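Enquirer: Respectively, the protein sequence lines represent chains G and E. Position one of the first sequence corresponds to residue 1 (the UniProt record's numbering), numbered consecutively onward. Position one of the second sequence corresponds to residue 1 (the UniProt record's numbering), numbered consecutively onward.
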Amino acid sequence: MQLIACPWCGPREEVEFSYGGQAHVPYPDSPAELSDEEWAHYVFFRDNPRGRFAERWNHNAGCRRWFNAIRDTSTYRFESVYRLDDPKPVTP
Amino acid sequence: MAELLRTHPLTAWTDAFERLPDTVGITVEPFVAMVDVRLGTIGPEASAALGVDLPTAPGTWVPAGTGRAVWLGPDEWLLTSTTEAPEELEARVRAAVAGLGGSATDVSAQRIGLRLTGARVRDVLVKGCSIDLHPRVFSRGSSAQTTLGQAGVVLLALSDAGDDVVVLVRASFAGYLADWLLDAALEFTTPIS
Numbered sequence: 001m002q003l004i005a006c007p008w009c010g011p012r013e014e015v016e017f018s019y020g021g022q023a024h025v026p027y028p029d030s031p032a033e034l035s036d037e038e039w040a041h042y043v044f045f046r047d048n049p050r051g052r053f054a055e056r057w058n059h060n061a062g063c064r065r066w067f068n069a070i071r072d073t074s075t076y077r078f079e080s081v082y083r084l085d086d087p088k089p090v091t092p
Numbered sequence: 001m002a003e004l005l006r007t008h009p010l011t012a013w014t015d016a017f018e019r020l021p022d023t024v025g026i027t028v029e030p031f032v033a034m035v036d037v038r039l040g041t042i043g044p045e046a047s048a049a050l051g052v053d054l055p056t057a058p059g060t061w062v063p064a065g066t067g068r069a070v071w072l073g074p075d076e077w078l079l080t081s082t083t084e085a086p087e088e089l090e091a092r093v094r095a096a097v098a099g100l101g102g103s104a105t106d107v108s109a110q111r112i113g114l115r116l117t118g119a120r121v122r123d124v125l126v127k128g129c130s131i132d133l134h135p136r137v138f139s140r141g142s143s144a145q146t147t148l149g150q151a152g153v154v155l156l157a158l159s160d161a162g163d164d165v166v167v168l169v170r171a172s173f174a175g176y177l178a179d180w181l182l183d184a185a186l187e188f189t190t191p192i193s
């Protein structure tokens with residue numbers, strides 16, 4: 001089974017984690033002024049790249065903390081994990 | 001009015017545990033008071049108020065008075081006490097951390113403890129647990145929140161030889177885990193004839 005390196009607990013089996021969707025989706029600066037279409041884009045529309053993707057993951061069965069990971073969507077390889085308050089790593 | 005007494009979920013397994021050999025001993029720990037502590041920043045003030053240095057390294061526990069302080073997350077700990085009543089422990093810890101922006105919640109009814117002792121303990125646990133339990137990395141003072149079989153557990157290492165481990169499991173999963181442990185220990189209990 002694939003191991004995912006939790007930033008707190010270290011490498012653990014994939015079944016201990018749950019997926020949280022795309023990371024770094026900014027909350028709207030002035031939500032009251034958004035149109036319905038803009039709200040829909042904020043709530044429902046996500047990138048779906050082939051290749052490196054910044055995602056949120058939660059270590060359910062361990063420390064129950066959220067963290068971010070860069071995962072390659074074509075190979076499922078985790079290239080890096082980082083805490084929520086860390087900046088997104090620059091990838092080549 | 002009838003007095004409400006807490007019954008242990010593993011009463012029906014006591015006989016089966018007693019029949020186990022010393023190499024895979026399982027004992028049911030008595031109920032202890034447990035409090036879940038959330039505290040954002042810890043330092044000398046928190047240590048002085050609580051009377052224990054909360055462990056900051058992930059996957060560790062330290063003795064705290066008559067009980068233990070277990071790391072559960074970067075801002076979360078489990079404090080246990082064998083001598084205080086749950087409400088006493090909760091009130092004491094809450095008073096200690098409230099001024100520091102923390103919180104304390106009585107979770108005594110959440111988990112029960114099983115103590116596994118003997119030379120074969122690690123062989124039993126590794127059947128359903130993927131983390132490295134070798135004493136080289138899982139020595140006294142280590143803890144781990146993970147899954148054992150299908151149950152979420154907290155493992156606490158009590159010895160440097162890997163032959164003394166406490167398993168904290170949710171009370172509603174205790175029966176399942178007891179059955180799972182007895183099944184995993186079966187090969188070490190059947191005499192070779």
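Idealized CB from N, CA, C, for every residue including glycine. Everything numeric in this text was worked out from a predicted model, so none of it was measured.
1. Hey, is G:R12's beta-carbon within less than 8 angstroms of any beta-carbon in chain E?
2. What residues in the region 59-82 of chain G bring their beta carbon closer than 7 angstroms to a beta carbon of chain E?
3. Compute the Euclidean distance between the alpha carbons of E:V35 and E:E90, then round it to the nearest angstrom.
4. Taking the Cβ atom as the reference point for each residue, do E:V121 and E:D160 lie within a distance shorter than 8 angstroms?
5. Please list, in chain order, all residues of the same chain as E:S108 whose beta carbon is under 6 angstroms from its beta carbon, the five residues on each side excluded.
6. Would you mind working out which of E:G40, E:A64, E:H134 and E:L186 sits nearest E:L50, comparing C-alpha positions?
7. Compute the Euclidean distance between the alpha carbons of G:R46 and E:P21, then round it to the nearest angstrom.
8. What whole-angstrom Cβ distance do residue 197 of chain E and E:E29 have, given they're in contact under 8 angstroms?
9. If you measure beta-carbon to beta-carbon, which residues of the region 131-151 of chain E are closer than 8 angstroms to chain B?
10. Round the Cβ separation of E:L39 and E:G102 to the nearest angstrom and send it over; I've been treating them as touching at under 8 angstroms.
11. If distances are taken between C-alpha atoms only, which option among E:L125, E:A144, E:L100 and E:V154 comes closest to E:Q110?
12. Judging by CA-CA distance, which residue of E:V62, E:R170, E:E45 and E:G73 is the nearest neighbour of E:A157?
13. Would E:E3 be called buried (16 or more neighbouring beta carbons within 10 Å of its own) or exposed?
14. Starting from the beta carbon of G:W8, find every residue of chain E whose beta carbon is closer than 8 angstroms, and list them in chain order.
15. Any heavy atom of the ligand COA closer than 7 angstroms to the Cβ of E:L54?
16. Can you list the residues of chain E that G:E16 reaches, using a CB-CB cut of under 8 angstroms?
17. Would you report the Cα separation of residue 196 of chain E and E:V97, rounded to the nearest angstrom?
18. Could you tell me how far apart the beta carbons of G:Y76 and G:P7 are, in whole angstroms, since I believe they sit closer than 8 angstroms?
19. Considering E:S47, what are the terminal residues of the alpha helix (DSSP H) in which it resides?
20. Can you give me the start and stop residues for the alpha helix (DSSP H) that E:R94 sits inside?
21. What is the DSSP secondary structure of E:F173, reduced to helix, strand or coil?
22. Measuring straight from C-alpha to C-alpha, what distance separates E:R68 and E:V52?
Expert: Result, derived from the coordinates:
1. Residue 12 of chain G sits at position 12 when you count from the first residue of the first sequence. Interface residue, yes.
2. A61, G62, C63, R64 and R65
3. Stepping through the second sequence from its first residue, residue 35 of chain E is reached at position 35. Stepping through the second sequence from its first residue, residue 90 of chain E is reached at position 90. Looking at the two C-alpha atoms, the distance is approximately 6 angstroms.
4. As a position in the second sequence, residue 121 of chain E is number 121, starting the count at 1. As a position in the second sequence, residue 160 of chain E is number 160, starting the count at 1. No, Cβ-Cβ distance for E:V121 and E:D160 is not below 8 angstroms.
5. Locating residue 108 of chain E in the second sequence gives position 108, where the first residue counts as 1. These residues qualify, in order along the chain: A33, M34 and P86.
6. For the purposes of this step, residue 50 of chain E is taken as residue 50 along the second sequence, with counting starting at 1. Comparing Cα-Cα distances from E:L50 to each of E:G40, E:A64, E:H134 and E:L186, the minimum goes to E:A64.
7. The residue given as residue 46 of chain G occupies position 46 in the first sequence. The residue given as residue 21 of chain E occupies position 21 in the second sequence. Each residue's Cα considered, the two are about 57 angstroms apart.
8. Chain E is shown from 1 up to 193; residue 197 of chain E falls before or after that span and cannot be answered.
9. In the structure shown, chain B cannot be found, because the protein chains are G and E.
10. Start at 1 with the first residue of the second sequence, and residue 39 of chain E comes out as number 39. Start at 1 with the first residue of the second sequence, and residue 102 of chain E comes out as number 102. Right, the Cβ-Cβ distance comes to about 4 angstroms (below 8 angstroms), so this counts as a contact.
11. Numbered from 1 along the second sequence, position 110 holds the residue referred to as residue 110 of chain E. Of the candidates E:L125, E:A144, E:L100 and E:V154, the one whose C-alpha sits nearest the C-alpha of E:Q110 is E:V154.
12. Here residue 157 of chain E refers to the residue found at position 157 when the second sequence is read from its first residue. E:A157 has its Cα closest to that of E:V62, out of E:V62, E:R170, E:E45 and E:G73.
13. Start at 1 with the first residue of the second sequence, and residue 3 of chain E comes out as number 3. With fewer than 16 Cβ atoms within 10 Å of its Cβ, E:E3 is classed as exposed.
14. Position 8 of the first sequence holds residue 8 of chain G. Ordered by position in chain E, the residues that pass the 8 angstroms Cβ test against G:W8 are P58, G73 and P74.
15. In the structure shown, the ligand COA is absent, as is every other ligand, since no ligand is present at all.
16. Numbered from its first residue, the first sequence carries residue 16 of chain G at position 16. Residues of chain E passing the Cβ test: T146 and T147.
17. The structure shown does not extend to residue 196 of chain E, since chain E is modelled only from 1 to 193, so the question has no answer here.
18. As a working note, residue 76 of chain G is residue 76 in the first sequence. As a working note, residue 7 of chain G is residue 7 in the first sequence. Incorrect: roughly 19 angstroms between the Cβ atoms, too far for contact.
19. Here residue 47 of chain E corresponds to residue number 47 of the second sequence, with the count starting at 1. That run of the alpha helix (DSSP H) goes P44 to L50.
20. Position 94 of the second sequence, counted from the start, is the residue given in the question as residue 94 of chain E. Its alpha helix (DSSP H) spans residues P86 to A98.
21. Indexing the second sequence from 1 puts residue 173 of chain E at position 173. Residue state, collapsed to three classes: helix.
22. For this step, residue 68 of chain E is matched to residue 68 along the second sequence. For this step, residue 52 of chain E is matched to residue 52 along the second sequence. The straight-line gap from Cα to Cα measures roughly 9 angstroms.
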